[in-house]
Amino acid sequence: MPPRVTNRKERRHRDDLVGEHKISDVGQMVLACLFMAIWIADSFFFKRTTGLDQYMPLGVKIPLGLVLLILSGYLAKTGLSIVFGEKRQKPDVIKKSVFSVVRHPIYLSEILLYLGLLMLNMSLAAVVIWVIAIGFLHYISRHEEKLLLARFGEEYGQYMREVPMWIPRLRRK
């Protein structure tokens, strides 16, 4: 069984990981804090842009929001444990589990987390941050894909052709 990787410092110097954009972590943290601050402030205190909330019944938005939050947690936990949980002896393209459904399940989990919260309380101000976050995640995903193509060449190119970036295919090929 491959050795488990337990701390962040060990992860930085691993040969089996390709890397990420230099502002990836900071950008995600800033956007997450901004989203949460605006979503909480608008949803529970100011209620300036929550007018659409009244048009969706609680019986729809609560189950939908919870499903999205659970799916987000599953994608994040599974994706992170596959990428960071074990050090691979031979670096290769990860194609198993959630990575066989979408190429960026960890980033997709972040998008679904925000969407799940938006379903619970629809703040248009928070939607603006969500859209910005999607753009940012797409940008850093493209950067990482360039690194992966440089490292793995045609193997990653084939993976890109077979597995969608964000939205899973309903039918497998």
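Under this note's numbering, think of the first position of the sequence shown as 171, with each following residue one higher. Positions of the beta carbon are idealized from the N, C-alpha and C atoms, including for glycine.
P173 by DSSP, collapsed to three states: which one?
Note that P173 has pLDDT 46, beneath the 50 cutoff, so the model's placement of it is unreliable and no number is given.
Please state the DSSP three-state secondary structure of E190.
coil
Alpha helix (DSSP H) segment containing I252, residue limits
228-254
Assuming V298 is part of the alpha helix (DSSP H), what are its boundary residues?
294-322
If we call anything under 8 Å between Cβ atoms a contact, is F205 one with W336?
no
To the nearest whole angstrom, what separates the beta carbons of L282 and L245, a pair I think is in contact under 8 Å?
7 Å
Does the beta-carbon distance from V253 to P338 come in below 8 Å?
no
Candidates L318, S213, D223, of which the one nearest K265 by Cα
L318
For F215, count the other beta carbons within 10 Å of its own beta carbon; 16 or more makes it buried, fewer makes it exposed. Which is it?
exposed
Across the region 226-235 and the region 319-329, are there enough close Cβ pairs to call them in contact, namely three or more that are closer than 8 Å?
no
Looking at E314 and V188, is the spacing between their C-beta atoms short of 8 Å?
yes
How would you write the range of the alpha helix (DSSP H) that G221 sits in, first residue to last?
From DSSP, G221 is part of no alpha helix (DSSP H); its letter is neither H nor E.
Go ahead and pull the three-state DSSP assignment for F340.
What sits at residue 340 in the sequence shown is Leu, not Phe. Of the three classes helix, strand and coil, the one that applies to L340 here is coil, per DSSP.
Helix, strand or coil at R258 according to DSSP, with G and I counted as helix:
coil
Close-in-space but distant-in-sequence residues of the same chain around S242 (CB under 7 Å, 5 per side omitted)
S279, L282, L283, G286
Hey, quick one: how far does the alpha helix (DSSP H) through S213 stretch, first residue to last?
Unbroken run through S213: none, as it is neither H nor E.
Would you mind working out which of Y225, I276, T220 sits nearest I304, comparing C-alpha positions?
I276
Classify R184 as helix, strand or coil using the three-state DSSP reduction.
coil
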